[in-house]
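Visitor:
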Amino acid sequence: MKPIFLSLAAVLSVASAAPDGKQLFTIHCTACHMLDQMVVGPSLVEIRSLYNGKPDEFVKWSIAPQKKRPGAIEMPSQAHIGEEGLRAIYAHIMDVSKGVVAKKQEQGDPFAASPTQTVRPQVQRIFMPNASPASIAVALDDMNSLCWDAGNSRLRYAWTGGFIDGFAYWKGNGSSLATVLGTVKYTEQASPFGKDAAVKFLGYKVKGGLPIFRYSVGEQIVTEAYSPVSEGMGFVRSYAVVTKVPLVLDFPAQSGVSITTDKGKLEGGKLILTPAEAAAFTLTFSLK
Amino acid sequence: MKTATFLTWITLSAASFGWTEHFTFENIATPPGMDPQVGAMDRMPDGRLAVAFHRGEVMFYNPADGSWKLFATGLQEPLGMLTEADGSLLVMQRAELTRLKDTDGDGSADDYETVFDDFGMSGNYHEFSYGPARDAEGNLFIVLGIASNGAPMAAEIRGEFSEIGQVDFKGMTTSETWGKNRGPAGRMYARVKWRGWVLKLSPDGKTMEPYASGFRSPNGIGFDAKGRLLITDNQGDWRPTSPLYDVRQGGFYGHPASLVWKKGWNGGDPRLMDVAKLDAMQVTAAGYFPQGELANSPTWPVIIPKGAFSEGMAGQTVIGEMNQPNLVRVLDDEVDGVFQTALVPMFDGSPLGIGNNRMVFGNDGSLYVGKTALSWAGSKGMTKIKWNGKPFLSLEKIKALPKGFALRFSQPIDANTLKTLSVKRHTYEYHQGYGAPKKNEEVLEITGAKLSDDGMMVTLDVGVLKEKYLYLIDMTGLLSKEGGKILGAKAWYHVVKAPK
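Protein chains in written order, with the working numbering: chain H, 16 to 303; chain D, -6 to 493.
1) Any contact of the segment 59 to 69 of chain D with the segment 97 to 114 of chain D, i.e. 3+ C-beta pairs under 8 Å?
2) What's the call for residue 247(D), buried or exposed, on a 16-neighbour Cβ count within 10 Å?
3) First and last residue of the alpha helix (DSSP H) that includes residue 59(H)?
4) Count the other CB atoms within 10 Å of the CB of residue 434(D); is the residue buried (16 or more) or exposed (fewer)?
5) What in chain H is Cβ-close to residue 231(D), meaning under 8 Å?
6) DSSP puts residue 36(D) in a beta bridge; with which residues?
7) Tell me the DSSP bridge mates of residue 379(D)?
8) Could you spell out where the beta strand (DSSP E) holding residue 296(D) opens and where it closes?
9) Return the chain-ordered list of same chain residues with a C-beta closer than 8 Å to the C-beta of residue 447(D), the five sequence neighbours on each side being excluded.
10) What are the boundary residues of the beta strand (DSSP E) that includes residue 176(D)?
11) Please state the DSSP three-state secondary structure of residue 131(H).
12) Under three-state DSSP, which class holds residue 481(D)?
13) Determine whether the Cβ of residue 118(H) lies closer than 8 Å to any Cβ atom of chain D.
14) By the criterion of Cβ-Cβ separation under 7 Å, what are the contact partners of residue 289(D) in chain H?
15) Please confirm if residue 47(D) has its CB atom under 8 Å from at least one CB of chain H.
16) Quick check on the burial criterion: 16 or more other C-beta atoms within 10 angstroms. Buried or exposed for residue 198(H)?
17) Would you mind working out which of 432(D), 401(D) and 458(D) sits nearest residue 468(D), comparing C-alpha positions?
18) Since residue 167(H) and residue 214(H) are thought to touch, with beta carbons under 8 Å apart, how far apart are those beta carbons, to the nearest angstrom?
19) Got a sec, what are the start and stop residues for the alpha helix (DSSP H) residue 241(H) sits in?
20) Between the alpha carbons of residue 497(D) and residue 11(D), how many angstroms are there, rounded?
21) Could you name the residues of the same chain whose beta carbon sits closer than 6 Å to that of residue 18(H), not counting the 5 residues immediately before and after it, in chain order?
22) Which residues in the same chain as residue 108(D) place their Cβ atom closer than 6 Å to its Cβ, once the five residues preceding and following it in sequence are excluded?
23) Less than 8 Å between the beta carbons of residue 334(D) and residue 326(D), yes or no?
24) List the residues of chain D whose Cβ lies closer than 9 Å to the Cβ of residue 95(H), in chain order.
25) What residues in its chain sit with their C-beta under 8 Å from that of residue 56(H), if we drop five residues either side in the sequence?
26) The alpha helix (DSSP H) that contains residue 71(H), what's its start and end?
27) Quick one: what does DSSP say residue 229(D) is sitting in, helix, strand or coil?
28) What would DSSP say about residue 338(D), mapped onto helix, strand or coil?
29) State the beta-bridge partners of residue 349(D) as determined by DSSP.
30) Strictly below 9 Å CB to CB, what residues from chain H border residue 330(D)?
31) Report the three-state DSSP secondary structure of residue 12(D) (helix, strand or coil).
32) Under 8 Å, Cβ to Cβ, is there at least one residue of chain H near residue 369(D)?
33) So, does the segment 225 to 241 of chain D touch the segment 280 to 298 of chain D, judging by three or more C-beta pairs under 8 Å?
34) Can you check whether the CB of residue 230(D) is closer than 8 Å to the CB of residue 426(D)?
35) Which whole runs of the alpha helix (DSSP H) in the segment 253 to 280 of chain D are 4 residues long or more, in chain order?
36) Apart from the five residues on each side of it in sequence, which residues of its chain come closer than 6 Å, Cβ to Cβ, to residue 217(D)?
Structure, rendered in structure tokens:
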């Protein structure tokens, strides 16, 4: 080892200096604000158009922001940066945005024509209205769609028309729900196995693009497959239930919906099946 | 003392424009028409890459011919993936850990098996799900992000609601009154089960053990080459700057929201607890990424395989980063059995860019970086990074000493440049606020700098090391004997345990 001793100045305690707006911007702002396009918050170009010549208003807003943009989240208060620091950030923003033109905002979903979005049938997990956050949207064909909820292993509703518009969800970070493109024609308030059935979701298989959901209800193992009706509007629901006891399922009547079964009898909103019948039975839901 | 923060601006790129002399950076074309934001990646044994995208597609990329093939669709925000021996894929999505299986051999998944979904969902956008990481015994570890008060919970949730908190269920789920409730709700909250927790699952996923708590937005989980479970988290409330943790069973890792799910918890709303008490409970971070300088939102850890980069980097961990145009290399050290690290920028000042969310090494040693933004600052698509085999100067190892650090380099150092080295240190205050400025920052006098006979090792004398301080060793002016600049010119060493 050859020692090299360095003659550096004595221990320096860091002296105070004017705040560096660029550095503060990098630390506190870059995750949400870009120069020429809106990300989580407005672009620096837009901030310039709002606050140029108004540093006091900029500081005031940064300390006590409010929600003003629909579909965007409210900025957390930046009071911790301090007024001096906020003024330095203001100067930095005004400086770098000078003469910059904002990029054109994309109108509508740039990936709406994606092969994976337009294919039918389709199974897509996404946040759906009127269902739990563990929902699955299913397009059976161009006309018939439904929302199946993996959070409680049951069909929530079915609609006719188009499928979903998920852009509000996908363009952000999941802060919006998908929109149903059509008219909800059928809604189930509870699992046909009973309101308090002990269900556990086990997953699904996909056959020809259509889902076959799998779950347990107590000791029973259930598969529930969906396909479109051959004519008109509606869906076909094919079950296989492994059970040792007769099965009683609830399908309360709804106006505009006709339900038929290939096994047992559906009377007064109840379908009663022997264990042998329960092993494979199909219900057809015709919608007006 | 607050002004001390402002003196630390460092231009990372200044020392490192040399990356492109040693590495190529190539953008990989992603499938046409598809949203190319990458959420998860792994490598198949045959060298194909499995890549999961924002809108739920899982595709195989074949580096041999650049082709893409669709394997599965319809997942919700996949953010982690592991290949299995039979060719199945384990994918973590918002609602569950799923096994994708091709049972009929047609090349696409037909079975989407739910491996584990026994955790809560409030419907809040910020509840991302991460993992799995697999240990040597095959156990799987997942980690669940917590909700942001940027939005309330959904009216219909999955799982149990914790009554612990200042705002009741109605208040937590009502948009119209959220303006007044969002403050008392907490900047980030965990009112449904196991949010903010690491869960350990048996290899079959059938049994779960709550493993560790205290996480916020842990967008990176993986085992390092020595079997440590590394998790990164994001700067924010209770996070002065982004931390790197060596996660052990039973540990509490700093963000209090998750404590409401601790067995027998009776401490009330953890957010309102005495900060000193929480501070005493938390495990000190093994590393810190200084905000705005090294990383703002660190991501996934991966192990550098032998032959991929220079020899000394084999077995080290490299971590992605969303907001700064660089990756971060982890130099590990151990003092009395306590793991602590120095974090070093990698590819700073290169064409890499931002949004570096997921990474995987190809069979030929190329590093594939998958990018995303999810409406925050970021990017999209995939970048391939390949070393051209030309050696370069880098910091290979660091060891804390009772009065300084020993640094080992990849090449002999020009002794005349030792005088350019500088060392600073600072600490952070642990508090509920969003991020924290540097505290007690000071420049240290280097009282000695010894170069070993082979020129590869530098011993720096800076006085007794202080625990819970982040030391910046600035090597920007250092040159190799042959005059080469150092790539990755700064090392931030977090002293968890000071050697005696």
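Note that beta-carbon positions come from the ideal geometry of N, C-alpha and C, so glycine has one too.
Guide: On the basis of the supplied data:
1) Yes, the segment 59 to 69 of chain D touches the segment 97 to 114 of chain D.
2) By the Cβ-count criterion, residue 247(D) is buried, with 16 or more other Cβ atoms from all chains shown falling within 10 Å of its own Cβ.
3) The continuous alpha helix (DSSP H) containing residue 59(H) extends over residues 59 to 66.
4) Classification of residue 434(D): buried, given that the 10 Å Cβ count is 16 or more.
5) By Cβ distance, chain H contributes nothing, its closest Cβ being about 13 Å from residue 231(D), past 8 Å.
6) Partner(s): 42(D).
7) Partner(s): 17(D).
8) Residues 291 to 296.
9) Cβ neighbours of residue 447(D) within its own chain (closer than 8 Å, five residues either side excluded): 405.
10) Taken as a continuous stretch (DSSP letters only), residue 176(D) belongs to no beta strand (DSSP E), being part of the alpha helix (DSSP H) at 171 to 178.
11) Residue state, collapsed to three classes: helix.
12) The three-state secondary structure of residue 481(D), taken from DSSP, is coil.
13) No, no contact with chain D.
14) Correct list: 45 and 46.
15) Judged by the 8 Å Cβ criterion, residue 47(D) is in contact with chain H.
16) Looking at its Cβ environment, which holds fewer than 16 other Cβ atoms inside 10 Å, residue 198(H) is exposed.
17) Checking every option, the nearest Cα to that of residue 468(D) belongs to 401(D).
18) Yes, they are in contact, since the Cβ atoms of residue 167(H) and residue 214(H) sit about 6 Å apart, within 8 Å.
19) Element bounds for residue 241(H): not the alpha helix (DSSP H) but the beta strand (DSSP E), 235 to 243.
20) The question about residue 497(D) has no answer, for chain D in this structure spans -6 to 493.
21) Note that residue 18(H) scores 40 on pLDDT, short of 50, meaning its location in the model is unreliable; the coordinates nonetheless yield the value given after this. No residues qualify anywhere along the chain.
22) Cβ neighbours of residue 108(D) beyond the five flanking positions: 90, 92 and 198.
23) With contacts defined as CB atoms closer than 8 Å, residue 334(D) and residue 326(D) qualify as a contacting pair.
24) Under a criterion of Cβ atoms nearer than 9 Å, the residues of chain D adjacent to residue 95(H) are, in order, 426, 427, 428, 429 and 430.
25) Only 47, 48, 87 and 90 meet the Cβ criterion.
26) Taken as a continuous stretch (DSSP letters only), the alpha helix (DSSP H) holding residue 71(H) covers 70 to 78.
27) Three-state result, residue 229(D): strand.
28) Strand, per DSSP.
29) According to DSSP, residue 349(D) bridges with 364(D).
30) Neighbours of residue 330(D) in chain H, taken as residues at a C-beta separation under 9 Å, are lacking, since the least C-beta distance is about 28 Å.
31) DSSP, reduced to helix, strand and coil, places residue 12(D) within a helical segment of the structure shown.
32) For residue 369(D), the answer is yes, since a Cβ of chain H falls inside 8 Å of its Cβ.
33) Note that the segment 225 to 241 of chain D touches the segment 280 to 298 of chain D; at least 3 beta-carbon pairs, one per stretch, sit closer than 8 Å.
34) Yes.
35) As far as the segment 253 to 280 of chain D is concerned, its whole alpha helix (DSSP H) runs of at least 4 residues are 268 to 274.
36) Sequence-distant partners of residue 217(D) (beyond 5 residues in either direction) whose C-beta falls short of 6 Å from its own C-beta, in its chain, are 223 and 310.
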